[in-house]
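In the working numbering, the protein residues as written are 1294 to 1423. Just so it is clear, CB atoms sit at the ideal spot from N, CA and C, and this is done for glycine as well. Owing to the predicted nature of the structure, the values given are computational and were not obtained by experimental measurement. Structure record follows, encoded as structure tokens.
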């Protein structure tokens, strides 16, 4: 089930698994969707929408829930809720599984950002929605 009215404190456990500090998500500009199974948050999507453009800031699915279509559902939900022309995201060139997922969802590689990540280049991807 996709939860669109997310209380930031409900993300604490999944952010511990993700190994990031979740305090940065307390922003007026970021929107958060979480995916809940059996009362447990198993995935989240952070994004922002400005006018007709959407940027996916981060997406994470707990390891044991990957390859079940959860990330796809979260990303597709953006276009159900917002009228946007395109969606952009950045991904490490080492994250082949994520790149494959994004390409299946219609994202195209549009540029490379050299040394964007500590250990790799970043790939900027774009999906035209309308």
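Taking the C-alpha atoms as reference points, what is the distance between residue i and residue j?
i, j, result
"residue 1381", "residue 1330", "27 Å"
"residue 1419", "residue 1400", "5 Å"
Considering only C-alpha positions, which residue in the set the options is nearest to residue i?
i, options, result
"residue 1411", "1384, 1397, 1403", "1384"
"residue 1326", "1395, 1344, 1352, 1343", "1352"
"residue 1343", "1359, 1362, 1379", "1379"
"residue 1294", "1386, 1421, 1413, 1337", "1337"
"residue 1359", "1368, 1416, 1335, 1373", "1335"
"residue 1386", "1347, 1416, 1346", "1416"
I need the boundaries of the alpha helix (DSSP H) containing residue i, first residue and last residue.
i, result
"residue 1390", "1389-1397"
"residue 1413", "Looking at the DSSP string, residue 1413 is not in any alpha helix (DSSP H), and its letter there is neither H nor E."
Contact check, residue i vs residue j under 8 Å by CB: the rounded distance?
i, j, result
"residue 1339", "residue 1365", "About 16 Å; that fails the 8 Å criterion."
"residue 1347", "residue 1375", "6 Å"
By the DSSP assignment, the beta strand (DSSP E) with residue i in it spans what residues?
i, result
"residue 1437", "The requested residue 1437 is not part of the displayed model; the chain covers only 1294 to 1423."
"residue 1379", "1379-1385"
"residue 1330", "1324-1330"
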